[in-house]
Amino acid sequence: MAETRAKSIIAAAVTVAFGLLLAGLSAYTIGRSGGGPASDGADAPEVPLERRITDFTAGFAPGSGYREPRRAERRAVADAVGLILDGHPDRARPPLADAGFRLRTLTDTGTGRRYAELSDRTEDGPAPRGWGRVYVDLSAPARWSVQVPHPVSDADTERLGARVLLDSPGGVLVLAGAHRRAGEGDAADAAHRTDSVFDAVCDELARRGLPGVQVHGFADDSAPGRDAVASTGKGSTGRADARRLAAALTARHFSVCRAWVRDCPLEGRDNVQGRRAAADHVPFLHVEFARSVRASDTGIRHAAAAIGTVTARWAKDDAD
Numbered sequence: 002m003a004e005t006r007a008k009s010i011i012a013a014a015v016t017v018a019f020g021l022l023l024a025g026l027s028a029y030t031i032g033r034s035g036g037g038p039a040s041d042g043a044d045a046p047e048v049p050l051e052r053r054i055t056d057f058t059a060g061f062a063p064g065s066g067y068r069e070p071r072r073a074e075r076r077a078v079a080d081a082v083g084l085i086l087d088g089h090p091d092r093a094r095p096p097l098a099d100a101g102f103r104l105r106t107l108t109d110t111g112t113g114r115r116y117a118e119l120s121d122r123t124e125d126g127p128a129p130r131g132w133g134r135v136y137v138d139l140s141a142p143a144r145w146s147v148q149v150p151h152p153v154s155d156a157d158t159e160r161l162g163a164r165v166l167l168d169s170p171g172g173v174l175v176l177a178g179a180h181r182r183a184g185e186g187d188a189a190d191a192a193h194r195t196d197s198v199f200d201a202v203c204d205e206l207a208r209r210g211l212p213g214v215q216v217h218g219f220a221d222d223s224a225p226g227r228d229a230v231a232s233t234g235k236g237s238t239g240r241a242d243a244r245r246l247a248a249a250l251t252a253r254h255f256s257v258c259r260a261w262v263r264d265c266p267l268e269g270r271d272n273v274q275g276r277r278a279a280a281d282h283v284p285f286l287h288v289e290f291a292r293s294v295r296a297s298d299t300g301i302r303h304a305a306a307a308i309g310t311v312t313a314r315w316a317k318d319d320a321d
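If you use my numbering, the sequence shown corresponds to residues 2 to 321, in order.
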């Protein structure tokens, strides 16, 4: 009798200990105690992430339709991004579902790094809302962002943004979900509207102090003789980073107009994400590339590599 009771007590103790071990491992997987991004625990199928992004933007066109999100919808997606950055993807799912978004974990075939993808469920339906996507590198804590407000409208900036994300760890890509002229008036112009999902996510990143680089494109005759225009937009907090970027572009044989040295076209001083970053004293770079740069894979590769000299520094400085 006593022997049977002893065996029962030992079995119960083993069961409790095993349960605690599983709970601890689960908590570590879902969100590390020190914060930072974590996998959502789901399978992470391998995909060529750049191709996935350009396939998504391939259907963008003027007049293709855009619905302005309500404040609660914008806030829900931005809050979910914050939860993912804090290592709580499971807690991010309810607000995403409320906004009609889904969360996936993907592995890029080129880098082997895992990324969280936040995407609008209506992309699969007949009437997409055009609210865009967010990609978060899960291999390291988020340190910086690259923003693409005018995909397709500024041709191939979506490719450039994807390359920048993949070139350095710790990045967040914020990608607008419609052509700049998809909605009524300027409703879908993500760089100049504060009522978009794009802007809400960029606001959340600026609130957290993440420096950002926003990529744009211009027709060659808009700035004759220039390959790029580098600016810090409304603010000056990122001036040292802008100098590094301009030097890296020049080293790759780009002709750069430096907006802090002389008047340049397309300086982005009215850019609303840049204005928010300036108000929060967060480094923000606004960089425009000529169509001739964006028209070739070599040009995009060199442009992304130049931007990578800054994003890699952001990742290293914050880690230190």
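The C-beta atom is built at its ideal place from N, Cα and C for all residues, glycine as well.
Could you give the distance in angstroms between the alpha-carbon of LEU286 and the alpha-carbon of ASP44? 35 Å
Start and end residues, beta strand (DSSP E) containing ALA106: The amino acid at residue 106 is misidentified as Ala; the sequence shows Thr. From DSSP, the beta strand (DSSP E) with THR106 extends over 102-109.
Give the DSSP-derived three-state secondary structure of GLU205 in the structure shown. helix
For SER223 and LEU161, which I take to be in contact (beta-carbon distance under 8 Å), what is that distance rounded to the nearest angstrom? Actually they do not touch by this definition, with Cβ atoms about 17 Å apart.
Three-state secondary structure assigned by DSSP to HIS217: strand
Contact between the stretch 46-55 and the stretch 76-84: three or more CB pairs below 8 Å? no
Cα-Cα, which of SER169, ARG68 and SER65 is closest to GLY113? SER169
Thinking C-beta only, is GLY131 closer than 8 Å to GLY60? no
Out of curiosity, what's the CA-to-CA distance linking ALA247 and LEU97? 38 Å
Note the first and the last residue of the continuous beta strand (DSSP E) segment covering VAL137. 134-138
Beta-carbon contacts of ASP200 that lie in its chain and below 7 Å, excluding the five residues immediately before and after: ALA191, ARG194, VAL273 and GLN274
Beta-carbon contacts of ARG75 that lie in its chain and below 6 Å, excluding the five residues immediately before and after: VAL198 and ALA201
Which same chain residues, not among the five before or five after SER34, have their C-beta less than 6 Å away from its C-beta? Unreliable positioning characterises SER34 in this predicted model, as indicated by a pLDDT of 30, which lies under 50. The coordinate reading is nonetheless provided below. Result list for SER34: empty, nothing under 6 Å.
What's the gap between the Cα of ASP204 and the Cα of TRP145? 13 Å
Those residues which DSSP pairs with ALA305 across a bridge: DSSP output for ALA305 lists no bridge partner at all.
Quick check on ASP80: buried or exposed, where buried means 16 or more other Cβ atoms within 10 Å of its Cβ? buried
Suppose contacts are defined by Cβ-Cβ distances below 8 Å. Is ARG94 in contact with LEU107 by that definition? no
Specify, as a first and last residue, the run of the beta strand (DSSP E) that GLY172 falls within. 172-176
Could you give the distance in angstroms between the alpha-carbon of ARG115 and the alpha-carbon of LEU211? 20 Å
Spatial distance of CYS258 from VAL288 (CA atoms): 10 Å
Which runs of the beta strand (DSSP E), 3 residues or longer, sit entirely within the stretch 258-317? 285-291
DSSP state of SER223 mapped onto helix, strand, coil: helix
Straight-line Cα distance separating PHE57 from SER120: 10 Å
Taking Cβ positions, are ALA279 and ALA229 nearer each other than 8 Å? no
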